[in-house]
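Trainee: One structure coming up, written as structure tokens, with questions to follow.
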Amino acid sequence: MRSAAVAPPLRLMLAVSTLLLAGCAGQPAPRPQQPAPPAASQSLMQTIERENDPQAAARVRYWFALIEQGKSAPDTERLRLANNFFNDARFTTDMEVWRQQDYWATPVEFLIRDAGDCENSPSPNTLP
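One point on numbering: in my numbering, the residue at position 127 of the sequence shown is 967, and numbering is uninterrupted.
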């Protein structure tokens with residue numbers, strides 16, 4: 841009689857222990873690969889140099905260099921690099937930069953102008 845009373849809790853403990861061990865033995869899911877950052881193509885740089893000042897091209901080149909530097913850096917370093925770079929840009933209105941009430945600049949346009957409003961500056965921070 842005694843063994844019949846012990847069996848169900850023992851089976852339950854065995855089942856729970858097996859599930860716990862199975863859960864602990866699993867490997868964490870691999871981190872998904874991030875898409876490769878865009879390359880600063882020669883034609884893009886030539887267009888930027890032709891249509892803007894040399895400082896605009898230098899900013900774009902510097903940003904792409906930071907992307908390359910960040911490839912092997914830990915996430916915290918990548919965030920620091922991106923934040924330091926984009927926090928140097930001027931925060932201003934679309935009316936001042938684009939002569940429009942509401943303009944959503946592309947990341948490259950933001951880099952070229954080195955200025956933008958809150959809709960423009962967060963998007964480049966996602967590039968690295």
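Backbone N, C-alpha and C fix where the C-beta goes; we use that ideal spot for every residue, glycine too.
With DSSP as the reference, identify every bridge partner of Phe931, one or two as the case may be.
Mentor: Gly956
Trainee: I need the DSSP call for Trp944, collapsed to helix, strand or coil.
Mentor: Reduced to three states, the DSSP call for Trp944 is coil.
Trainee: From Leu884 to Gly910, what does the alpha carbon distance come to, in whole angstroms?
Mentor: 21 Å
Trainee: For Gly866 and Leu919, what's the separation of their Cα atoms in angstroms?
Mentor: With a pLDDT of 49 at Gly866, under the threshold of 50, the predicted position of this residue should be treated as unreliable, though the coordinate-derived value follows. Distance between the alpha carbons of Gly866 and Leu919 is about 30 Å.
Trainee: Could you check what DSSP says for Pro914 in three-state terms: helix, strand or coil?
Mentor: coil
Trainee: Following the continuous alpha helix (DSSP H) through Arg939, name the residue where it begins and the one where it ends.
Mentor: Here Arg939 belongs to no alpha helix (DSSP H), and DSSP marks it neither H nor E.
Trainee: For a test of the three-state rule: what should DSSP assign to Ser881, helix, strand or coil?
Mentor: coil
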